[in-house]
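So the structure is just underneath, and the comments pick up after that.
In my numbering, the protein residues as written are 94 to 171.
The following block contains the structure:
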């Protein structure tokens, strides 16, 4: 499974880890992805989402119904 947030679209960042001798090796910064279950009152069922912590804050702020509507408009399925 890739480390992508279903709500915000956050994905890993790529770059170099630079040592003391200035040798650069590839590294990757993964977003903090959590698996959360939400009850969607408009559908009368629960859905499981893979969301970043910023996505969780977005759901808390806007509400799960608004977030699910935006995701469906984007073409996401769950």
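Positions of the beta carbon are idealized from the N, C-alpha and C atoms, including for glycine.
Computed from a prediction, not measured in an experiment: that's the story for all the values here.
Q) Three-state secondary structure (DSSP) at residue 148? A) Correct three-state label for residue 148: helix.
Q. Pairing CB atoms from the region 133 to 144 with CB atoms from the region 114 to 121, are three or more of them under 8 Å?
A. Under the three-pair Cβ rule at 8 Å, the region 133 to 144 does not count as touching the region 114 to 121.
Q: Compare the C-alpha of residue 122 against each of 100, 95, 141 and name the closest.
A: Nearest option by C-alpha distance: 95.
(Q) Suppose you measure from the CA of residue 130 to the CA of residue 105; what does that come to, to the nearest Å? (A) Roughly 23 Å between the two C-alpha positions.
Q) Where do the N-terminal and C-terminal ends of the alpha helix (DSSP H) with residue 160 fall, by residue? A) First-last of the alpha helix (DSSP H) with residue 160: 157 to 167.
Q. Buried or exposed: residue 112, going by 16 or more other Cβ atoms within 10 Å of its Cβ?
A. Around the Cβ of residue 112, a 10 Å sphere holds fewer than 16 other Cβ atoms; the residue is exposed.
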